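Numbering (my numbering), first residue to last: 76 to 859.
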């Protein structure tokens, strides 16, 4: 046969062989893991597993590559299992012949002769230990080498090698047995995990620590004899005991992990933004906090880094998996009534609108807003209050007053634009009740909104992975956000004194609490320079928790969280003051700058933060029948000081006097000197009535001022009186010691039993601004 013909036959024979191999490969493809045939691991930002989800077969497996595990483990694995792995084509003939010879002479298996690639082939396609099975394993190994790179084959081993029970792969085994990532193994740990797949049941370190130690030491001896590890390193490794944890999959930030997996169901590894150590600490704190609370109470907690809006801790339930507490419900994203937690933003919008400054005069008194009559949480009223105090004390009437002027629909639209969605019943529209919790909101959105107070007025969507997009929207101007933050941060922690240990080093926190109607939701939101924290406490099924409200139930946990956060220099210092904010001295009742008021108009002087240099006056009262606030310019007789009207027949020496008048509803809370200073001078007797005499005279009947009320002899009940507001028109609100106790109309009686002994202050306040007040005493009974 000629040479050219022989070469042609060889060439075509090679082509034919390749075609046959290709056909066989297509007919019998390698059993590589199918798409979706994987477990999912959700980790913290540093790679610490938070929660692992088993695959369809219930196997726990974490993603792993040569670059993600310790080089010590790779060295031990290849030196002990297959030192020619980088060079052979999938099968090591020398090792196979040696294993066969040893088996024939000893009549038992001494060494397997399997390469790492052959082990991967058997992991992917298990078979019996028979000659036919070994042949199939060899063919599959050759096929894997032809189809995959060495790095891919090694990765399959690292992820799928058996380590006992339902644990597969070195990363899952390292966390399960050692509680650490495979990237941080010691020499002893690397040797242990390298040998464990040889007999995962017999060598399980949690069950057979002595057998595991002997197998580990065998690997260490091999590493020393081969010169890969020094004798000193091996001797130190031998001293290290084999101590393994009981097998348990990681379970931290469980509901967040579930959420992220549902969002990306095809991912094998999801890296979150969570700080693993902080997450564990706060989970323990939250469990301890909820323990003493009524049964079925749950809680949720979210910590966000202000700079990136990334979540650093996420706890959606107090007890994951607890059926009684509905531990499967994620309260971080549940719709709940926000209580008073939206109040900071309505005051911020009013600042931006130029309606108020930080010390603007508001009136906390019974008022009607188109038939809506809000009251305070404790049923008490405070009379004249500043914007700052109204916000710090979370007073309801002033907040509704401001929302009415801002507009509820506009307020809700501004929040929605900034990413803070509100949920209203089907067919309803935003109304005044929303500022007191008459809407639905989510904890994660509230945290994004409160972060705006520390971020120059820019709210942000909370991010749960570093890959999440940055979504930011303007909520308030930088100046308004700073003023609201300053007002809330100036509110001391409950029970804290200036000399409290560590108070000067603690982060400065602007905090706000809230409680929904019926004690169903207790809230606490706080923001500092670096972090924003939100806390919710309640029952996921919406049943009430009487007596558990924001300041008592949620606020202590909020401050525990802030005290657990990492600290930096400057955390206890306030935020930088924007150039748009200045300090001005203002005066009540006018509310304008002290240096711009007429002499004698300043009855109370306060220091206020103002925005853009604007010092708006006290807001006008809605009811024109009231003797409204403002500066009254009147003509007076210079000699007598009496008020002059337009039609006074007798000659008078006329002059001008200015009277600073308070809102009519504030009158019952003013001092006698303040009322006198705001009263108009009497009208000159020769002048016709000018209709400016003020409110209608009104007095209380049914009890005398200074009276002492006694119980009837032998009675266990307190004195019961019928009280009337004589001279009143329209509706009358009754206050006892500042607390609302009832309403009547005109001279209708208010029946009231006075069982509480001691001094009592009774006030009747008519809607037109007329009022009357008196004090009396209730004597103690025999059983008091």
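Every residue, glycine too, gets a C-beta built ideally from N, C-alpha and C.
Source: prediction; values computed, not measured.
Quick check on residue 222: does DSSP put it in helix, strand or coil?
Your numbering for residue 222 matches position 147 in the chain shown. Reduced to three states, the DSSP call for residue 222 is helix.
Could you say which of 313, 347 and 249 lies nearest to residue 298 if we only look at CA atoms?
Counted from its first residue, the chain shown places residue 298 at position 223. Among 313, 347 and 249, the Cα nearest to that of residue 298 belongs to 313.
Alpha-carbon to alpha-carbon, residue 255 and residue 124
Locating residue 124 in the chain shown gives position 49, where the first residue counts as 1. Locating residue 255 in the chain shown gives position 180, where the first residue counts as 1. Roughly 9 Å separates the two Cα atoms.
By the DSSP assignment, the beta strand (DSSP E) with residue 606 in it spans what residues?
Position 531 of the chain shown, counted from the start, is the residue given in the question as residue 606. Residue 606 -> beta strand (DSSP E) spans 606-613.
What number of angstroms, rounded off, separates the C-alpha of residue 747 from the C-alpha of residue 465?
On the chain shown, position 672 is the one that residue 747 refers to. On the chain shown, position 390 is the one that residue 465 refers to. When rounded, the distance between both Cα atoms is 24 Å.
Exposure label - residue 246; buried when at least 16 CB within 10 Å
Along the chain shown, read from residue 1 onward, the residue named residue 246 stands at position 171. Burial state of residue 246 is buried, judged by a 10 Å Cβ sphere holding 16 or more other Cβ atoms.
Run through the region 191-246 for me and flag every whole alpha helix (DSSP H) of 4 or more residues, listed as ranges in chain order.
Qualifying alpha helix (DSSP H) stretches, in chain order: 191-199, 206-222 and 225-235.
Quickly, what does DSSP pair residue 601 with across the bridge? List them, please.
In the chain shown, residue 601 corresponds to position 526, counting from 1. Looking at the DSSP assignment, residue 601 forms a beta bridge with 586 and 608.
Where does the unbroken beta strand (DSSP E) through residue 461 begin, and where does it stop?
Sequence index remark: in the chain shown, residue 461 carries index 386 (1-based). According to the DSSP assignment, residue 461 belongs to the beta strand (DSSP E) that extends over 458-461.
Assign residue 492 to one of two classes, buried (16 or more other C-beta atoms within 10 Å of its C-beta) or exposed (fewer than that).
Translated into the one-based positions of the chain shown, residue 492 becomes position 417. So residue 492 counts as exposed.
Residue 186 - DSSP class collapsed to helix/strand/coil:
Walking along the chain shown from the start, residue 186 turns up at place 111. The pLDDT assigned to residue 186 is 49, lower than 50, so where the model puts this residue is not dependable; a value taken from the coordinates is nonetheless given after this. Looking at residue 186 - three-state DSSP - the assignment turns out to be coil, as it is neither helix nor strand.
I need the boundaries of the alpha helix (DSSP H) containing residue 898, first residue and last residue.
Any property of residue 898 remains undetermined from this structure, which presents the chain solely from 76 to 859.
Skipping 5 residues on each side, what residues in its chain have a beta carbon closer than 7 Å to that of residue 145?
The residue labelled residue 145 in the question sits at position 70 within the chain shown. Around residue 145: 257, 258, 259, 260 and 265.
Cβ-based burial, residue 860 [other Cβ within 10 Å; buried from 16]:
Nothing can be reported for residue 860, as the shown portion of the chain is limited to 76 through 859.
6 Å Cβ shell around residue 461 - same chain, five flanking residues per side excluded:
Within the chain shown, numbered from 1, the residue matching residue 461 stands at position 386. Excluding sequence neighbours, residue 461 sits near 434.
Please state the DSSP three-state secondary structure of residue 273.
Within the chain shown, the letter at position 198 stands for residue 273. Helix, per DSSP.
Is the separation between the beta-carbon of residue 449 and that of residue 521 shorter than 9 Å?
As a position in the chain shown, residue 449 is number 374, starting the count at 1. As a position in the chain shown, residue 521 is number 446, starting the count at 1. No, these two residues do not count as a Cβ contact at 9 Å.
Which of the three DSSP states, helix, strand or coil, is assigned to residue 838?
In the chain shown, the residue the question calls residue 838 occupies position 763. DSSP places residue 838 in strand when its eight states are reduced to three.
Stretch-stretch touch, CB-based, cutoff 8 Å, three pairs: the region 360-375 with the region 603-619:
Enough Cβ pairs lie closer than 8 Å, so yes.
Output needed for residue 505: all residues of its chain with C-beta closer than 6 Å, excluding positions within five of it in sequence on either side, in chain order.
On the chain shown, position 430 is the one that residue 505 refers to. Cβ within range, chain order: 483, 484 and 487.
Every unbroken beta strand (DSSP E) within the region 518-572, with a cutoff of 3 residues, ordered by chain:
533-535 and 547-549
Three or more C-beta pairs below 8 Å linking the region 647-662 and the region 392-410:
no
In this structure, what does DSSP give as the bridge partners for residue 620?
Translated into positions along the chain shown, residue 620 becomes position 545. According to DSSP, which records beta bridges pairwise, residue 620 is partnered with nothing at all.
Just to confirm the assignment, what range does the beta strand (DSSP E) spanning residue 152 have?
The count along the chain shown starts at 1 and reaches residue 152 at position 77. Not the beta strand (DSSP E): residue 152 falls in the alpha helix (DSSP H), residues 146-156.
In this structure, how does DSSP classify residue 592 when only helix, strand and coil are distinguished?
Your numbering for residue 592 matches position 517 in the chain shown. In this structure, residue 592 counts as coil in the three-state DSSP scheme.
Should residue 165 be labelled buried (16 or more other beta-carbon atoms within 10 Å of its own) or exposed?
On the chain shown, residue 165 is found 90 positions in, with the first residue counted as 1. It counts as buried.
Taking the alpha carbon of residue 516 as the point to measure from, which residue in 598, 564, 570 and 142 has its own alpha carbon closest?
Translated into the one-based positions of the chain shown, residue 516 becomes position 441. Here the closest residue by C-alpha is 598.
So residue 317 and residue 294 are supposed to be a Cβ contact under 8 Å. How far apart are they, rounded?
One-based indexing of the chain shown puts residue 317 at position 242. One-based indexing of the chain shown puts residue 294 at position 219. In this structure residue 317 does not touch residue 294 by the C-beta definition: roughly 12 Å separates them, more than the 8 Å allowed.
Going by DSSP in three states, residue 831 sits in which element: helix, strand or coil?
Within the chain shown, numbered from 1, the residue matching residue 831 stands at position 756. Coil, per DSSP.
If I measure Cβ to Cβ from residue 761 and keep anything under 7 Å in the same chain, skipping five residues before and after, which residues do I get?
Numbered from its first residue, the chain shown carries residue 761 at position 686. Closer than 7 Å at the Cβ level, and outside the excluded window around residue 761, lie 723, 724 and 725.
Coil, strand or helix - residue 96 by DSSP:
Here the question's residue 96 lines up with position 21 in the chain shown. With a pLDDT of 49 at residue 96, under the threshold of 50, the modelled position of this residue cannot be trusted, and the question is left open.
From residue 479 to residue 508, what distance separates their C-alpha atoms?
For the purposes of this step, residue 479 is taken as the residue at position 404 of the chain shown. For the purposes of this step, residue 508 is taken as the residue at position 433 of the chain shown. Going from the Cα of residue 479 to the Cα of residue 508 covers about 10 Å.
I need the straight-line Cα distance from residue 623 to residue 839, nearest angstrom please.
Here residue 623 corresponds to residue number 548 of the chain shown, with the count starting at 1. Here residue 839 corresponds to residue number 764 of the chain shown, with the count starting at 1. Answer to the nearest angstrom: the Cα atoms are 32 Å apart.
Below 9 Å between beta carbons: does that hold for residue 459 and residue 738?
Your numbering for residue 459 matches position 384 in the chain shown. Your numbering for residue 738 matches position 663 in the chain shown. Remark: C-beta atoms of residue 459 and residue 738 approach each other more closely than 9 Å.
9 Å Cβ cutoff met for residue 431 and residue 694
The residue labelled residue 431 in the question sits at position 356 within the chain shown. The residue labelled residue 694 in the question sits at position 619 within the chain shown. The answer is yes: Cβ separation under 9 Å.
To test your reading of the DSSP string, which unbroken alpha helix (DSSP H) runs of 4 or more residues are found completely within the region 390-467?
418-427 and 462-467
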